[in-house]
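Everything on this sheet refers to the single structure shown next.
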Amino acid sequence: MASTYDLVVVGAGPAGSMAARAAAYYGLSVLVIEQKQIVGFPSHCAGGILTSILNKIGIFPIVKKAICSKISKMRFISPMGTIVHHNFSRNIGYIVDRPKFDQLLIKDAQKRGAEIRTSTRAIGLKKENNQFTQIIIKSHGTIQTIYSKIIIGADGIASNIAKWAGLIIPRNYIGIGFGYNAENIKGISSDTVEIYFLSAVPGGYCWIFPRGINSANIGVGGYNTGSYMKKVFNWFRNKHPFASPKLKNCKLTNYTGGIVPGSKIPAKTTFNYGMIVGDACNHVDPLTGEGIRLALICGDLAGKIAAYAIQKNDLSLIHTYHKLMRKHTLLELYTGYFFRHFLLRANATDYECLIRAISKVNLNLIFQNRKWIPLFLQGLLKTPSILKIMKNISRLPPTIKIDLAHNFY
Ligand SMILES: Cc1cc2nc3c(=O)[nH]c(=O)nc-3n(C[C@H](O)[C@H](O)[C@H](O)COP(=O)(O)OP(=O)(O)OC[C@H]3O[C@@H](n4cnc5c(N)ncnc54)[C@H](O)[C@@H]3O)c2cc1C
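Start counting the sequence shown at 7; every next residue gets the next number (our numbering).
Structure (structure tokens):
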């Protein structure tokens, strides 16, 4: 086994695998280091990919075996119990089995020539002539040094690569997701995603993501503590007037909770010579908590840029990643930060108005193309009262910390 590579990728999540498969395709010698024994397992994700990204980025045939259900309908439930049903009359995305999804992606990277070492953790970076050229890894108690021309940190929210390389990653907004895969659920459709807004979870929501017949990932995500989210989850499952009849007697199988980065992308995402991608770089929609899509896009981009820099024999070219990555993500992420500002301050009445606006707009604009601004303008035209509500709530402090005695509605 070699100990010198063109590219070492730390982390075999969607961001790391996409980077590895892109770079290996262009002939780079690539090593992926993954601390888990089994790629993707255990999972911290609900597996919703509600966009056309799998086709757009060309990986649908590779990951199709991980698809649990095809989504063509969405149901939004307001804190006051108003239900809005959207029938898209065609597929808008998928719920995938995350462990299988990650395993299929890394297998494809391997097919293209990338090497993978599981049960192996990066424990440090070392510099030579002012460049990070060495990654210290630990596997089954043995410490080894690996040399690499380029390093990609795809090591998730707790990214050490960014830290060791001296990059500052903002972490002022940390979302918490508390969820499970569950069986024996009543009254759900395998093509319908259900989103429940609660005033007890400002800036977040509860979800039922179908994983086939009578089975789903269920959970709650938002900006509060894990123990608080657990309480909301139990209430959602056992007491919510619409959700509990479906969920009360379900069997919880795998826990899929975790931390969701919700802060802005860092001012610097490259170093000499490396790049940071995915959760490590806050590539998550701050409104929905979706991170798979941007992890795929930015991972692919980072892998291609690494290949370009090696082919041109100019490692400084990797710094173009920062500019290109921002071009792909900035509008979407900043629109999310803008709307989250309001959702963090919203009460049950505000959510009611939001739900009414949702019932009148063309949601295809986001689920196909993430066009938030035309969607917002459409909502504003059809429900002008939204503007007044936004003006009022923008003056309020965010309700991130909530008294547990709070009425969950
Ligand atoms: C509860 C919850 C539900 C979610 N649901 C959705 C959803 O429905 N749809 C969606 O789009 N997004 C969802 N997300 C977000 C999504 O899971 C992440 O954005 C996505 O996994 C990011 O991919 P990544 O490759 O950047 O990081 P990860 O998938 O976290 O992969 C990072 C990998 O790096 C490895 N690693 C870390 N440190 C080291 C080290 N030192 N050495 C070696 N390996 C290391 C880890 O073991 C891990 O495998 C959810 C998140 C949570 C918490």
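Where is the CB? At the ideal position from N, CA and C, for every residue including glycine.
Residue i versus residue j: straight-line alpha-carbon distance, rounded
i, j, result
"A206", "I224", "17 angstroms"
"F47", "E40", "11 angstroms"
"H334", "Y11", "28 angstroms"
"R351", "I163", "25 angstroms"
"I152", "S9", "5 angstroms"
"D409", "T126", "In this predicted model, D409 has a pLDDT of only 43, less than 50, meaning its place in the structure is not dependable enough to derive any value."
"F414", "P247", "Residue placement at F414 cannot be trusted, given a pLDDT of 49 that sits under 50; what the coordinates show is reported in the next sentence. Roughly 11 angstroms between the two C-alpha positions."
"K62", "I143", "35 angstroms"
"H91", "F344", "25 angstroms"
"K407", "A29", "Residue placement at K407 is flagged as unreliable, the pLDDT there being 47, under the threshold of 50; a coordinate-derived value is accordingly withheld."
"P216", "T259", "14 angstroms"
"A411", "N353", "Low local confidence applies: a pLDDT of 45 at A411 is under 50, so the model's placement there is unreliable, with the coordinate-based value given in what follows. Whole-angstrom Cα-Cα distance: 16 angstroms."
"T341", "L323", "29 angstroms"
"L419", "P208", "Outside the shown range of the chain, which is 7 to 415, sits residue 419, and nothing can be said about it."
"M235", "I44", "28 angstroms"
"P176", "I271", "7 angstroms"
"I395", "N230", "24 angstroms"
"R27", "I158", "13 angstroms"
"K237", "N135", "52 angstroms"
"Q140", "C51", "31 angstroms"
"G228", "P380", "25 angstroms"
"G309", "K70", "22 angstroms"
"W378", "G385", "10 angstroms"
"N288", "L336", "11 angstroms"
"C256", "I129", "41 angstroms"
"F348", "Q116", "44 angstroms"
"S23", "K132", "24 angstroms"
"A222", "I191", "7 angstroms"
"D356", "G87", "13 angstroms"
"I68", "L360", "37 angstroms"
"I392", "S400", "12 angstroms"
"S35", "G54", "32 angstroms"
Heavy atom of ligand 1 within 7 angstroms of residue i beta-carbon
i, result
"I214", "no"
"K42", "yes"
"D285", "yes"
"N288", "no"
"H50", "yes"
"T262", "yes"
"I63", "no"
"N187", "no"
"V266", "yes"
"A26", "no"
"I298", "yes"
"R127", "yes"
"D1", "Because the chain is modelled from 7 through 415, residue 1 falls outside the range shown and cannot be assessed."
"V207", "no"
"A301", "yes"
"A29", "no"
"I55", "yes"
"N398", "no"
"A18", "yes"
"N368", "no"
"A6", "Any property of residue 6 remains undetermined from this structure, which presents the chain solely from 7 to 415."
"I39", "yes"
"G147", "no"
"G227", "yes"
"N240", "no"
"N255", "no"
"G3", "The requested residue 3 does not occur in the structure, where the chain is confined to residues 7 to 415."
"G2", "The chain is shown from 7 up to 415; residue 2 falls before or after that span and cannot be answered."
"G342", "no"
"N166", "yes"
"G130", "no"
Proximity test, residue i beta-carbon vs ligand 3 heavy atom, cut-off 7 angstroms
i, result
"A171", "Annotation note on ligand 3: not contained in the displayed structure, which lists ligand 1 as its ligands."
CB-CB length for residue i against residue j, believed under 8 angstroms
i, j, result
"Y100", "L60", "7 angstroms"
"K366", "K397", "Between K397 and K366 the Cβ distance is about 20 angstroms, and since that is not below 8 angstroms, they are no contact."
Fill in: Secondary structure, beta strand (DSSP E): runs of 3+ residues fully inside the stretch 126 to 187
126 to 134, 137 to 145 and 148 to 159
Worksheet item: With contact counted as at least three CB pairs below 8 angstroms, one residue from each stretch, are the stretch 13 to 26 and the stretch 177 to 189 in contact?
Response: no
Worksheet item: Would you call the stretch 286 to 302 and the stretch 255 to 267 touching, i.e. three or more CB-CB distances under 8 angstroms?
Response: yes
Worksheet item: Within the chosen definition, does the stretch 296 to 305 reach the stretch 317 to 324 through at least 3 CB pairs nearer than 8 angstroms?
Response: no
Practice prompt. Taking only runs that begin and end inside the stretch 256 to 312, name each unbroken beta strand (DSSP E) of 3 or more residues, in chain order.
Written response: 257 to 261, 264 to 267 and 280 to 282
Worksheet item: Can you find at least 3 beta carbon pairs, one from the stretch 275 to 291 and one from the stretch 159 to 174, that sit closer than 8 angstroms?
Response: yes
Fill in: Cβ contact (3+ pairs, closer than 8 angstroms) linking the stretch 98 to 117 and the stretch 247 to 256
no
Fill in: At least 3 beta-carbon pairs within less than 8 angstroms: the stretch 192 to 211 vs the stretch 72 to 87
yes
Discussion item. Which complete alpha helix (DSSP H) runs does the stretch 82 to 130 hold, if anything under 4 residues is left out?
Written reply: 104 to 117
Worksheet item: Taking only runs of the alpha helix (DSSP H) that begin and end inside the stretch 195 to 255, which ones reach a length of at least 4 residues, in chain order?
Response: 232 to 244 and 250 to 253
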